[in-house]
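Colleague:
Chains as they are written, first to last, in our numbering: chain P, 171 to 481; chain V, 171 to 481.
Next comes the structure, spelled out in structure tokens:
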């Protein structure tokens with residue numbers, strides 16, 4: 171049987187999987203991302219995981235390897251156009267060419283959030299739908315627009331930075347991108363933690379603890395979550411008015427934080443959407459942790475998943 | 171020679187043109203929109219214009235008629251899904267079927283702003299580009315995303331309502347759509363006039379007079395224009411981060427209001443865009459008043475201008 175390899179390369183973990191022709195991940199392995207050791211160590215980790223997975227399925231043919239990687243990835247040159255400080259030296263890495271040379275199979279590359287979106291839009295919650303908007307809300311706010319199974323990655327492969335739009339709730343706050351007042355600085359996981367600290371809350375371990383505090387009756391915790399979810403929901407409503415999608419899929423760490431966050435995001439998105447569009451379906455992801463592996467691997471098996479522009 | 175008819179149906183005027191195979195409008199006629207008389211009078215005016223144009227070119231074959239019409243138009247059923255009070259009774263009109271029956275040639279229908287966007291993206295300033303974002307700023311704020319020559323009209327044909335996204339500058343203001351705090355209520359032409367009145371400015375005839383006052387040194391006029399252009403520019407920057415287009419085309423009445431407005435829109439859009447995208451080209455329209463006629467007519471000559479979803 172012919173399999174594809176899918177790799178999900180994040181700032182802290184590299185997950186890889188052997189994907190069967192039907193899109194199901196049959197084997198998976200992962201390793202910590204050796205971010206501090208630089209790009210060469212990261213490339214080697216990918217090769218090691220791919221080699222181990224291939225060895226674990228003797229006799230299987232490997233059609234190729236799809237990689238969803240942190241950073242802005244140009245799917246044409248398969249090079250990292252831009253990466254934040256979480257991956258020092260990653261910008262400029264010739265990801266596609268290097269892995270292809272070392273593995274000896276065709277390699278396709280895409281941004282990790284885009285890989286996640288392709289997985290969900292084509293094989294997950296969006297299966298069979300035409301215009302699918304995928305939002306990932308966690309450490310950052312991002313996503314992708316997938317139309318008729320084709321990722322709309324834009325000119326530089328940078329489309330889907332939905333966290334970097336003006337949000338009234340973020341007025342005056344400096345964004346990680348250098349801008350001011352962007353959605354991401356009020357609605358992301360770290361933003362919720364920062365907002366709680368700004369309001370004088372006792373120092374929490376992480377964003378999850380703020381959700382636990384809110385459930386235990388901490389009104390400041392409840393309020394910062396409400397503001398974050400409201401800002402995201404309103405922005406999603408604006409995207410519904412802008413794109414008129416068949417379906418909005420919301421994933422990322424915050425999407426599994428429970429009904430307090432989800433219900434506010436969904437109701438605010440609906441309130442913001444124009445009459446005709448207020449019934450737009452808004453659903454959670456369905457592939458769990460496998461979405462980016464499946465999406466990346468499907469770049470190998472379907473040539474229509476990227477726009478002609480992207481390829 | 172075979173021509174197509176293009177119709178641009180707005181709230182106050184119906185413009186129609188005879189379009190040659192190269193996309194050039196060879197003859198044009200127009201008539202006031204009989205809005206108060208209802209849908210039947212509007213349909214008859216379209217038929218009258220089309221008949222007159224056809225009669226003016228004896229011997230010409232008419233391949234079909236493309237109509238860009240005010241309201242949310244479903245390109246599949248060719249029916250008006252929704253229209254505001256500016257066209258009473260327009261909602262529900264079977265625009266495509268009725269005109270096709272009366273003219274006896276194939277008819278394609280699309281929203282008027284979408285027709286404008288197709289014209290500019292395919293035959294105008296966006297010619298040869300791949301991901302083109304068109305913004306029309308005038309009585310309302312709208313536009314369309316055209317990718318590889320294909321209008322991305324969305325599920326209901328309602329995509330491109332870029333004026334109905336949250337804008338910090340519009341916080342608390344009621345929008346025409348029923349929402350609150352949308353870009354359109356601070357950045358459209360009527361919004362500029364309303365803002366000037368809220369600030370206690372003497373009653374102006376129209377938005378143009380506020381631009382004249384600003385040029386003559388009226389600081390309140392200058393300020394309300396600045397706020398409007400800033401809000402629009404920031405939203406365009408957010409759309410650049412969301413869509414990573416090759417080109418942004420800005421048209422509509424406000425786009426020809428002079429450098430005060432244009433320069434603020436452009437600089438704010440760039441300031442909002444992430445580093446990699448800050449160089450995105452932002453240009454004015456190039457087809458002038460013909461864009462919607464050309465765009466609508468081209469629906470007949472190219473079957474790829476609408477998405478499979480739309481057709």
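Positions of the beta carbon are idealized from the N, C-alpha and C atoms, including for glycine.
(1) If you measure between the beta carbons of residue 286 of chain V and residue 411 of chain P, is that distance less than 8 Å?
(2) Give a yes or no on whether the minimum CB-CB distance between residue 451 of chain P and chain V is below 8 Å.
(3) Of all Cβ atoms in chain P, is any one closer than 8 Å to the Cβ of residue 360 of chain V?
(4) Return the chain-ordered list of same chain residues with a C-beta closer than 7 Å to the C-beta of residue 244 of chain P, the five sequence neighbours on each side being excluded.
(5) Starting from residue 251 of chain V and walking both ways along the beta strand (DSSP E), at which residues does that stretch end?
(6) To which residues of the same chain is residue 384 of chain V closer than 7 Å at the C-beta, ignoring the five residues directly before and after it?
(7) Cβ of residue 442 of chain V within 8 Å of Cβ of residue 421 of chain V?
(8) Counting only Cβ pairs nearer than 9 Å, list the residues of chain V close to residue 332 of chain P.
(9) Express the C-alpha separation of residue 237 of chain P and residue 249 of chain P in angstroms, rounding to a whole number.
(10) Relative to chain P, which residues along the segment 423 to 446 of chain V have a C-beta separation below 8 Å, given in chain order?
(11) Is residue 405 of chain P close to chain V, meaning its C-beta is less than 8 Å from at least one C-beta of that chain?
(12) Taking its Cβ as the centre, do 16 or more other Cβ atoms sit within 10 Å of residue 449 of chain P, making it buried, or is it exposed?
(13) Can you tell me whether residue 167 of chain P is helix, strand or coil according to DSSP?
(14) According to DSSP, is residue 460 of chain V helix, strand or coil?
(15) Just checking: is the beta-carbon of residue 326 of chain V within a distance shorter than 8 Å of some beta-carbon in chain P?
(16) Is residue 376 of chain P close to chain B? Criterion is C-beta to C-beta, closer than 8 Å.
(17) Taking Cβ to Cβ, would you say residue 164 of chain P is nearer than 8 Å to residue 335 of chain P?
(18) Just confirm the distance between the C-beta atoms of residue 397 of chain V and residue 356 of chain V, as a whole number of angstroms; I'd bet it's less than 8 Å.
(19) Using 8 Å as the limit for Cβ to Cβ distance, is residue 154 of chain V near chain P?
(20) Excluding the 5 residues preceding and the 5 following residue 478 of chain V in the sequence, name in chain order all residues of the same chain whose CB lies nearer than 7 Å to its CB.
(21) Looking at C-alpha atoms only, which residue of V/195, V/221, V/184 is the closest neighbour of residue 209 of chain V?
(22) Helix, strand or coil for residue 468 of chain V per DSSP?
(23) Which residues bound the beta strand (DSSP E) around residue 200 of chain V?
(24) By the 8 Å beta-carbon criterion, what residues does the segment 282 to 306 of chain P contribute toward chain V?
(25) Assuming residue 199 of chain V contacts residue 347 of chain P (C-beta within less than 8 Å), just tell me the rounded distance between them.
(26) List, from N- to C-terminal side, the beta strand (DSSP E) runs of 3 residues or more that fit wholly inside the segment 398 to 465 of chain P.
(27) My parser needs the alpha helix (DSSP H) runs of 4 or more residues fully inside the segment 281 to 348 of chain V; what are they?
(28) Can you pull the chain V residues whose beta carbon is under 9 Å from the beta carbon of residue 347 of chain P, in chain order?
(29) Can you give me the Cβ contacts of residue 259 of chain V inside the same chain, cut-off strictly under 7 Å, excluding the 5 residues immediately before and after it?
(30) Between which two residues does the beta strand (DSSP E) holding residue 257 of chain P run?
(31) Chain V partners of residue 351 of chain P, CB-CB under 7 Å?
(32) Starting from the beta carbon of residue 335 of chain V, find every residue of chain P whose beta carbon is closer than 9 Å, and list them in chain order.
(33) Under a three-way DSSP split, which group does residue 359 of chain V fall into?
(34) Have a look at P/362, P/279, P/275, P/263 and flag the residue whose alpha-carbon is nearest the alpha-carbon of residue 246 of chain P.
(35) Just the Cα atoms here: how many angstroms apart are residue 469 of chain P and residue 401 of chain P?
Modeller: The answer reads as follows:
(1) no
(2) no
(3) no
(4) 251, 326, 327
(5) 249 to 252
(6) 391, 392, 395, 430
(7) no
(8) 408, 411, 412
(9) 12 Å
(10) 441, 442, 444, 445, 446
(11) yes
(12) exposed
(13) Given a span of 171 to 481 for chain P in the structure shown, any question on residue 167 of chain P remains unanswerable.
(14) helix
(15) yes
(16) The question asks about chain B, but that chain is absent: this structure's protein chains are P and V.
(17) Nothing about residue 164 of chain P can be read from this structure; chain P reaches only from 171 to 481.
(18) 6 Å
(19) In the structure displayed, chain V extends from 171 to 481; residue 154 of chain V sits before or after that span and is not available.
(20) In this prediction, residue 478 of chain V scores a pLDDT of 43, lower than 50, which makes its location untrustworthy; the coordinate-derived value is nonetheless stated afterwards. Within the same chain, residue 478 of chain V has no close Cβ partners at all.
(21) V/184
(22) helix
(23) 195 to 202
(24) 300, 301
(25) Wrong, their Cβ atoms sit about 50 Å apart, outside the cutoff.
(26) 417 to 421, 451 to 454
(27) 282 to 288
(28) 411, 444, 445
(29) 208, 209
(30) First-last for residue 257 of chain P: undefined, no H or E at that position.
(31) 338
(32) 335, 336, 404, 405, 407, 408, 409, 411, 412, 442
(33) helix
(34) P/279
(35) 33 Å
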